[in-house]
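**Student:** All residue numbers for the sequence shown refer to my numbering, where the first residue is 463 and numbers rise by one.
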Amino acid sequence: MEMDMVSKAFEQAFVSVSQKLLGLQLQRRKQDNGIFLQQPVRQIMICTSGYLRMEIICDMPESMVLQIVSKMYGGGLPPDEQIPLYIKEYINIVCGHGVSSLNNTLKKVSRLSVPFYQSEIRHEDVMKEQMDVIFDTEIGTMQVELHYSGVE
């Protein structure tokens, strides 16, 4: 399977779900100008199993995490200990949309892990291909790394 198909499914998922869930417009950046990498970022990772084997890592500035959490919380912020739960749920919803789209297209079954936040993340060393998708929004820049190790 081509990494392009996987990338497009997740790009569409991030764009459409962010718009519907948060009213947030994501615009894919055509090339990385390095500005994003100069900011302190938070990482959220989710993995797929089944037919597709992938790690999806989302990097975003802490200010963006807090704004997404605030929108999901309905305004304001939850207690600090709940912030990781809300941002992980956002990633779970977005990536669930992407995996469902690929499952329907491929007529195969892939599943998502529970999302991991920051110190919980453990990378696999067997990933073969990587594609980065960078989105600019009015509240910050998000980088999505798709680490693809293949299919069953």
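Cβ atoms here follow ideal geometry from the backbone N, Cα and C, with glycine treated the same way.
Which class does Ile601 belong to by DSSP, given the choice of helix, strand or coil?
**Tutor:** Reduced to three states, the DSSP call for Ile601 is coil.
**Student:** Go through its chain and collect everything with a Cβ distance to Val556's Cβ below 6 Å, but skip five positions before and after it.
**Tutor:** Contacts found: Ala475, Phe476, Val479.
**Student:** How long is the line joining the alpha carbons of Pro541 and Gln580, rounded to whole angstroms?
**Tutor:** One C-alpha to the other measures close to 18 Å.
**Student:** Look at the alpha carbon of Leu608 and the alpha carbon of Leu564, and state the distance between them as a whole number of angstroms.
**Tutor:** C-alpha separation (whole angstroms): 14 Å.
**Student:** State the Cα-Cα distance for the pair Leu488 and Ser532, rounded to the nearest angstrom.
**Tutor:** Using only the alpha carbons, I get a separation of about 17 Å.
**Student:** Which of the three DSSP states is assigned to Pro577 in this structure?
**Tutor:** It is coil, neither helix nor strand.
**Student:** Is it the case that the CB of Asn565 approaches a heavy atom of the ligand NAP more closely than 6 Å?
**Tutor:** For the structure depicted, the ligand NAP is absent and the ligand set is empty, with no information on it obtainable.
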